[in-house]
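S.K.: Read in order, the letters of the sequence shown correspond to residues 1 to 227 in full-length UniProt numbering.
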Amino acid sequence: MSTITIIGGHGKVAMLAAPLLNNAGHTVRSVIRKEEQSSEIEAANATPVVADVENLDTDAIAEVLAGSDAVVWSAGAGGSGEDHTWAMDRDAAIRVMDAAQKSGIRRFVMVSYFNSRLVDGEVPGVEKGDGMYAYYNAKSQADEHLRTKTDLDWTVLGPSVLTLELATQKVTVDSAGETRDLDVPSTSRDNVAHVIAAAIAEPASFGKTLNFHDGDTPIAEAVAQGV
1 MSTITIIGGH GKVAMLAAPL LNNAGHTVRS VIRKEEQSSE IEAANATPVV ADVENLDTDA
61 IAEVLAGSDA VVWSAGAGGS GEDHTWAMDR DAAIRVMDAA QKSGIRRFVM VSYFNSRLVD
121 GEVPGVEKGD GMYAYYNAKS QADEHLRTKT DLDWTVLGPS VLTLELATQK VTVDSAGETR
181 DLDVPSTSRD NVAHVIAAAI AEPASFGKTL NFHDGDTPIA EAVAQGV
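#1: Just verifying my parser: in three-state terms, what is the DSSP assignment at A62?
#2: Under a three-way DSSP split, which group does residue 228 fall into?
#3: Can you tell me whether DSSP reads M97 as helix, strand or coil?
#4: Would K139 be called buried (16 or more neighbouring beta carbons within 10 Å of its own) or exposed?
#5: Would you mind working out which of V109, D174 and R189 sits nearest G226, comparing C-alpha positions?
#6: If you follow the beta strand (DSSP E) that P48 is part of, which residue opens it and which one closes it?
#7: Applying the 10 Å Cβ sphere with the 16-neighbour rule, what's the burial state of G125?
#8: Give the secondary structure of E127 by DSSP, where H, G and I count as helix, E and B as strand, and everything else as coil.
#9: If I measure Cβ to Cβ from R95 and keep anything under 6 Å in the same chain, skipping five residues before and after, which residues do I get?
#10: Starting from the Cα of T217, find the closest Cα among A93, T187, Q169 and L210 and give me that residue.
#11: Assign E35 to one of three DSSP states: helix, strand, or coil.
#12: Opposite I4 in the DSSP bridges: which residues?
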């Protein structure tokens, strides 16, 4: 099995994903910013790694990732201002991708948002001044870098609006790149964690963007189909 490093290890989705990955036989390393979060990480069957990737360069991040077979990006600025959003959701994410490549890591799973995409360098339908402009564009630019500027075995996960409901372990995956309104059913964070666990070692998901929401197809089947 693999050694998997989760960036944003103390986030809600990451805390749900870590024990699932551990139960599947993987060794899980969770990157956190605060030492005091370590006990919660250990309780989730992961090894805490204290590092602030927002303030590390690519070489330093490569050291953090050393020994990993796969990286899961589940971090985010969390609505803490536009500057922080660009710095974390785009710039730090791109440095982690580049550090993974530098370290010889092949597998990279990006937790993004439903229908993340760019048209002529912008997210369609989101104007400057919109409260979500920085978030959508930062995430979409990072995703575009992963898709077009790396040779990683990547998967972009695009869940719809997140809830705290328990996992149904069933989702609906929409065709990647399809132009749709974001008015779709919600997705439980628990289901997102299960999708991460299913996708991490599923070659059928490599090089694909999986836009999904709570639905009717068992997660392993949905991820393997990839459509």
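Glycine residues also receive a C-beta, built at the ideal position from the N, C-alpha and C atoms.
M.R.: Looking at the atomic coordinates:
#1: helix
#2: This structure cannot speak to residue 228, because the chain is shown only from 1 to 227.
#3: helix
#4: buried
#5: D174
#6: T47 to V50
#7: exposed
#8: coil
#9: T58 and I61
#10: Q169
#11: helix
#12: V28 and A70
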